[in-house]
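Asker:
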Amino acid sequence: MADAPKGSGEHLSAGGRFALTGRILAVNILPLVFLGGGLFYLDSYRTQLVNERFKLARIEAQITAEALAGASRARQEALLVQIGKEQRMRLRLFDARGRLTADSFALADPAFRFNDISDDDWEQRFARWLDRTVDTIVAAEPVKDYAEPEAQEADAWPELARARELGLSQVRLYDWIDGTPVITAAVPVGLQGATLLTVRNAVDITESVRAARSTLGFAVLLVMACSALLSLFLARTIVTPLRLLARAAVRVKQGRDREVEVPRLPQRRDEIGLLARAVSDMTTALRHRIDAVDSFAADVAHEIKNPLASLRSAVDTLPRVEDPALRSELIQIAAHDVRRIDRLVTEIAAASRVDAEISRAKLETVDLAELFANLIRSREDRGMNAGRQLRLDAAPGARLKVLGVPTQLERVAENLLDNAVSFSPPEGTVSVAIRRANGRVVTEVCDEGPGIAPERREDVFRRFHSDRPEGESFGNHSGLGLAIGRAIAEAHDGSLTADARADGASGACLRLALPAAP
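Letter by letter, the sequence shown follows residues 0 to 517 of numbering that gives the first Met the number 0.
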């Protein structure tokens, strides 16, 4: 069975790293966050300017009313004209009956004029469209349009009516048709019931907001340009390695280049790097698996060919032999070869199914001490030990449980016991020691046979390797037992190795180590 490539267990997570997803999100969300924040900032900025102008309009109206109170008619008109020109306002004075008595625009040239939108160019129309769009996005409260009433009387102005009724100053916001705010302030004048109305077209507020919006727009464009450049950079860092991986994958699929080098991108600590290393590990594992299958197929063909050749020779010779003793011997050879082929086919099928069966099976908790005790008792009942004594040494109460497939683990244990019994001398002892060490359950099956030379301890796990004790009939073992045992151990994330006895006595120890169950 092929070994898993190193690094195949790498945790596919970018936790603790600046993952690719985070970078992409940051680059694409930043302009939107900046734009959204800017829109709400502009709305807040406009509201702040309007509130400040409300306070100013109230103060200006109150100061003007105090100056007008008790002044002569001529003095009042002069003050209205002077203040109107200096503050760019329209001031109207109403008597106690609500009749208009003085108007700064009638007494002198108007201090300001409302914009006629019919003369606006495309830039001003576009600016008004942006104003409406921003108001819609931020859900700004609608403001009533400013219009001069047909009757120039105090009751035609709601703010004047409330000022006359409550005796308190009133300030109100309107919109001119070009989107600029119009702020009116109504305030009582003296104690005779007269009232003053001031009207200001606060064009500067709109100009300030639009200037701030232009600055914001430039900043958003700059951020978007940077975002676009960063996105192109990210796309390059994503597309280029993916193309390399795609080319390598195509070459592996075509099988034209046996040693295709899949880039591992060790410098990349994001998802692309993890993908590259995963594909590289997968390719290495695939090569090992293909090599194992090729080697296994060659070994199977070689091992089956020998008994088939012997069987064919016996069958071809049998018709020409008249001697009954020789015919009987040839029949025995043919029967032996048939049994050998049957054993080989059975073992080969079992070896090829190990990985598939374990991958589909549900892992269960298996007590190795109990498993070996049952097997030893079963072998003794069936007389399979041929006079050898099997001794189990497991600490009582120790947690010697592993997670695995019970039938497969039983097969490994049976192979280990069978191997130790076959190599132990008559009346010898096979010792089975089970202990827990470093999070693993370690089982040592030791015999009293000739032992295994250090340079040959790996050979015993090769498929079809059979180095049987003297006197044992040829062909009674397939040479797959320990190979299957190691494959099952590795499929359970464990290991199976051969070593000398720890006490220095003659014999060999096979050591099975499996992860302990939690």
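Even for Gly, the Cβ is constructed at its ideal location relative to N, Cα and C.
Would you mind reading off the limits of the beta strand (DSSP E) that contains residue 102?
Answerer: 99-102 is the extent of the beta strand (DSSP E) around residue 102.
Asker: Determine the extent of the beta strand (DSSP E) in which residue 74 is found, giving its start and end residues.
Answerer: No beta strand (DSSP E) contains residue 74, which is instead part of the alpha helix (DSSP H) from 72-86.
Asker: Use the C-beta contact count for residue 437: other C-beta atoms within 10 angstroms, 16 or more gives buried, fewer gives exposed.
Answerer: Counting Cβ neighbours within 10 Å, residue 437 comes out exposed, since fewer than 16 surround it.
Asker: Taking only the alpha-carbon atoms, compute the straight-line gap between residue 275 and residue 122 and give it to the nearest angstrom.
Answerer: One C-alpha to the other measures close to 53 Å.
Asker: Reducing DSSP to helix, strand and coil, say where residue 199 ends up.
Answerer: Strand, per DSSP.
Asker: Is the segment 215-226 close to the segment 78-96, with three or more CB pairs under 8 Å?
Answerer: No contact exists between the segment 215-226 and the segment 78-96.
Asker: Name the one or two DSSP bridge partners that residue 91 has.
Answerer: The partner list for residue 91 (beta bridge, DSSP) reads 102 and 196.
Asker: Counting C-beta neighbours from all protein chains within 10 Å, is the total for residue 453 16 or more, i.e. buried, or is it exposed?
Answerer: Flag for residue 453 reads exposed.
Asker: What's the C-alpha gap between residue 101 and residue 126?
Answerer: Each residue's alpha carbon lies about 37 Å from the other.
Asker: Going by DSSP, what residue range makes up the beta strand (DSSP E) through residue 403?
Answerer: Looking at the DSSP string, the run of the beta strand (DSSP E) that includes residue 403 is 400-403.
Asker: Is residue 502 helix, strand or coil by DSSP?
Answerer: If DSSP states are grouped into helix, strand and coil, residue 502 belongs with coil.
Asker: Verify whether the separation of the beta carbon atoms of residue 169 and residue 158 is less than 8 Å.
Answerer: Their beta carbons are under 8 Å apart, which means residue 169 touches residue 158 by this criterion.
Asker: Kindly identify the DSSP beta-bridge partner or partners of residue 187.
Answerer: DSSP lists 194 as partners of residue 187.
Asker: Exposed or buried, residue 289, counting other C-beta atoms within 10 Å across all chains shown (16 or more means buried)?
Answerer: It is exposed - the Cβ of residue 289 has fewer than 16 other Cβ atoms within 10 Å.
Asker: So for residue 439, helix, strand or coil by DSSP?
Answerer: Here residue 439 sits in strand by DSSP.
Asker: Using a Cβ-Cβ cutoff of less than 6 Å, which residues in the same chain neighbour residue 181 once the five nearest sequence positions on both sides are dropped?
Answerer: Result list for residue 181: 145, 173, 175 and 200, in chain order.
Asker: With DSSP run on the structure shown, which of helix, strand or coil describes residue 432?
Answerer: In this structure, residue 432 counts as strand in the three-state DSSP scheme.
Asker: Please list the terminal residues of the continuous beta strand (DSSP E) segment that includes residue 363.
Answerer: Run containing residue 363: 363-366, per the beta strand (DSSP E) assignment.
Asker: Determine the DSSP secondary structure at residue 145, reduced to helix, strand or coil.
Answerer: DSSP places residue 145 in coil when its eight states are reduced to three.
Asker: In terms of residue numbering, what span does the alpha helix (DSSP H) encompassing residue 167 cover?
Answerer: No alpha helix (DSSP H) holds residue 167; DSSP gives it neither H nor E.
Asker: From the DSSP output, in three-state form, read off residue 1 for me.
Answerer: Any reading at residue 1 is ruled out, since the residue's pLDDT is 41, under 50, leaving its predicted position unreliable.
Asker: Measuring straight from C-alpha to C-alpha, what distance separates residue 418 and residue 366?
Answerer: Approximately 22 Å between the Cα atoms of the pair.
Asker: Where DSSP assigns a beta bridge to residue 152, which residues make up the other side?
Answerer: In DSSP, residue 152 forms a bridge with 98.
Asker: Return helix, strand or coil for residue 520, following the three-state DSSP convention.
Answerer: Outside the shown range of the chain (0 to 517) lies residue 520, about which nothing can therefore be said.
Asker: State the CB to CB distance for the pair residue 391 and residue 371, rounded to an integer number of angstroms; the pair is presumed to be in contact (CB under 8 Å).
Answerer: Indeed they touch by this definition, with Cβ atoms about 6 Å apart.
Asker: Please report the straight-line C-alpha distance between residue 473 and residue 363, rounded to a whole angstrom.
Answerer: Reliability fails at residue 473, whose pLDDT of 44 lies under 50, so the model's placement of it is uncertain and no value is given.
Asker: Classify residue 373 as buried or exposed, calling it buried when 16 or more other Cβ atoms lie within 10 Å of its own Cβ.
Answerer: The residue is exposed, with fewer than 16 neighbouring Cβ atoms inside 10 Å.
Asker: Find out if the Cβ-Cβ distance for the pair residue 340, residue 313 is shorter than 8 Å.
Answerer: Going by C-beta atoms, residue 340 is not nearer than 8 Å to residue 313.
Asker: Quick check: the segment 126-139 against the segment 185-200, are at least 3 beta-carbon pairs closer than 8 Å?
Answerer: Cβ pair count under 8 Å is below three, so no.
Asker: Ends of the beta strand (DSSP E) at residue 388?
Answerer: 388-393 is the span of the beta strand (DSSP E), which, as asked, contains residue 388.
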